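Numbered according to our numbering, the sequence shown terminates at residue 132, and the numbering increases by one at each position without gaps.
Note that the Cβ used here is the ideal one computed from N, Cα and C, for glycine as well.
Note that the coordinates shown come from a computational prediction; the quantities given were computed from them, not determined experimentally.
Notes for the one structure printed next.
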Amino acid sequence: MNIIGICFGIILCVLSIFILYKRISLIIFGKSAKGTIIGYGNCIKGNRGFDSYNYKVEYEYNNKKIIANSIENVQVARNDIPGNIKNNSVEIYFSEKNLKLCTIKDIKTTTKLGLFIFLIGIIIIAIFSVI
Numbered sequence: 002m003n004i005i006g007i008c009f010g011i012i013l014c015v016l017s018i019f020i021l022y023k024r025i026s027l028i029i030f031g032k033s034a035k036g037t038i039i040g041y042g043n044c045i046k047g048n049r050g051f052d053s054y055n056y057k058v059e060y061e062y063n064n065k066k067i068i069a070n071s072i073e074n075v076q077v078a079r080n081d082i083p084g085n086i087k088n089n090s091v092e093i094y095f096s097e098k099n100l101k102l103c104t105i106k107d108i109k110t111t112t113k114l115g116l117f118i119f120l121i122g123i124i125i126i127a128i129f130s131v132i
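Here's what the structure looks like:
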């Protein structure tokens, strides 16, 4: 039973690294720009009564207007409409290799989620290592 608990903790830690990787790599290795939130992307239906929408951000790069999907999202109750945050000016990070994907500097939910899952994984590993 100990080995199963330890493996589960390791899986959570690896999952958290995948969650954090994209955001951190865009922040560290990507370019920065000022953008404007212009709406929401496609709806992702959850199985617990919630829908998730990613943000659509418009920014300018090399004198071209780019519309990108952010890796951050907003969750609302099923069939509800997200609040109106259009025309909010935000700072974003993006990669020159994929201009259609960005992360929004001020929205840190992805980072918090990744760190929370990593912490839970470490706690599970510690508990099952002692038992």
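Reference Arg24, options Gly6, Lys66, Leu13, Ser96, closest by Cα: The residue labelled residue 24 in the question sits at position 23 within the sequence shown. Per the Cα distances, Ser96.
Option in Ser17, Gly47, Gly122 with minimal Cα separation from Asp147: The question about residue 147 has no answer, for the chain in this structure spans 2 to 132.
Enclosing alpha helix (DSSP H) for Lys109 [first to last residue]: Looking up residue 109 in the sequence shown gives position 108. No alpha helix (DSSP H) contains Lys109, which DSSP labels as neither H nor E.
8 Å Cβ cutoff, Ile82 in contact with chain B: You won't find chain B in this structure, because it holds only one protein chain.
Spatially closest choice to Ser90 from Phe30, Phe9, Lys106, by CA coordinates: Stepping through the sequence shown from its first residue, residue 90 is reached at position 89. Considering only alpha carbons, the answer is Lys106.
Nonlocal neighbours in the same chain, by C-beta distance under 6 Å from Ser33, ignoring five residues either side: Locating residue 33 in the sequence shown gives position 32, where the first residue counts as 1. For Ser33, same chain residues with a beta-carbon under 6 Å away, outside a window of 5 residues either side, are Tyr94 in chain order.
Beta-carbon gap between Ile68 and Thr104 smaller than 8 Å: What you label residue 68 is simply residue 67 of the sequence shown in a count that begins at 1. What you label residue 104 is simply residue 103 of the sequence shown in a count that begins at 1. No, the Cβ-Cβ distance between Ile68 and Thr104 is not below 8 Å.
Beta-ladder partner(s) of Ser33, from DSSP: Position 32 of the sequence shown holds residue 33. Answer by DSSP bridge pairing, in chain order: Tyr94.
Status (buried if at least 16 other CB within 10 Å, exposed otherwise) for Tyr60: Sequence index remark: in the sequence shown, residue 60 carries index 59 (1-based). Classified as buried, Tyr60 has 16 or more neighbouring CB atoms from the shown chains inside 10 Å of its CB.
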